[in-house]
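> Dropping the structure in here first, questions after.
Numbering (full-length UniProt numbering), first residue to last: 1 to 129.
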C-alpha cells in the first residue's frame, strides 16, 4: 500500500466559500480500494496549478459498511477555492488525469458518482464562535 502520511490543508479560503466535491466509487474489492488510495496519495503529492498546490483539502478512504451506502465503498472529498479550480481539476490537472486513467485502465468500478456544492449553511463545534 501507499504512504500513510496525512493529507494537508492549505488554510486560505473560509470553508463556506469553498467548492466541496464528493466522489464515490463502487469498488467491492479491498485490493482495488487499496490501489485507489495509493493513487490518491500520488495525486496529493503532485497536484499543482500555476506551480503550486491548489487543492485546499482532500480526505479519502474506504467507506464503512452500511446499507445506506448503496454499494459505494470508497469516498474522496476535495475542497477547492473556486469553481475555476475545480474545473482545472477535471480538465487540466495532470495528476488528476493520471488517477482517472488508472481507474479506467486498472480498476473495475461498478459505479462512480460525483457531486459538488458551495455550502449554504455551516455549523457544528468546529464553527462555533
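C-beta: ideal position from N, C-alpha, C; glycine also. Just so it is clear, the structure is predicted and the values come from calculations on it, not from any experiment.
1) Suppose the cutoff is 8 Å on Cβ atoms and the five residues either side in sequence are ignored; what does the same chain contact list for residue 1 look like?
2) With the cut-off set at 8 Å, would you say residue 88 and residue 21 are in Cβ contact?
3) Quick one: which unbroken alpha helix (DSSP H) runs of 4-plus residues sit fully inside the region 64-123? Chain order, please.
4) Taking buried to mean at least 16 other C-beta atoms within 10 Å of its own C-beta, is residue 44 buried or exposed?
5) If you run the structure through DSSP and keep just helix, strand and coil, what is residue 29?
6) State buried or exposed for residue 83, treating a residue as buried only when at least 16 other CB atoms are found within 10 Å of its CB.
7) Verify whether the separation of the beta carbon atoms of residue 95 and residue 18 is less than 8 Å.
8) Is the beta carbon of residue 26 less than 8 Å from the beta carbon of residue 109?
9) Just to confirm my understanding: we take residue 102, look at its own chain, exclude 5 residues before and 5 after, and list those with CB closer than 7 Å. What are they?
10) Cutting at 6 Å between CB atoms, please list the residues of its own chain near residue 16, excluding the five before and the five after it.
11) What separation, rounded to the nearest whole angstrom, lies between the Cα atoms of residue 46 and residue 124?
12) Could you check the C-alpha separation between residue 100 and residue 127 for me, to the nearest Å?
Reading off the structure:
1) Only weak support is given to the placement of residue 1: the predicted model assigns it a pLDDT of 48, under 50, and the value that follows is read from those uncertain coordinates. Once the five neighbours on either side are set aside, the close Cβ partners of residue 1 are 34, 37 and 38.
2) no
3) 83-91 and 94-106
4) Buried: at least 16 other Cβ atoms inside 10 Å.
5) coil
6) exposed
7) no
8) yes
9) 39
10) Counting only Cβ-Cβ distances below 6 Å, and skipping sequence neighbours, we find 119 and 122.
11) 32 Å
12) 34 Å
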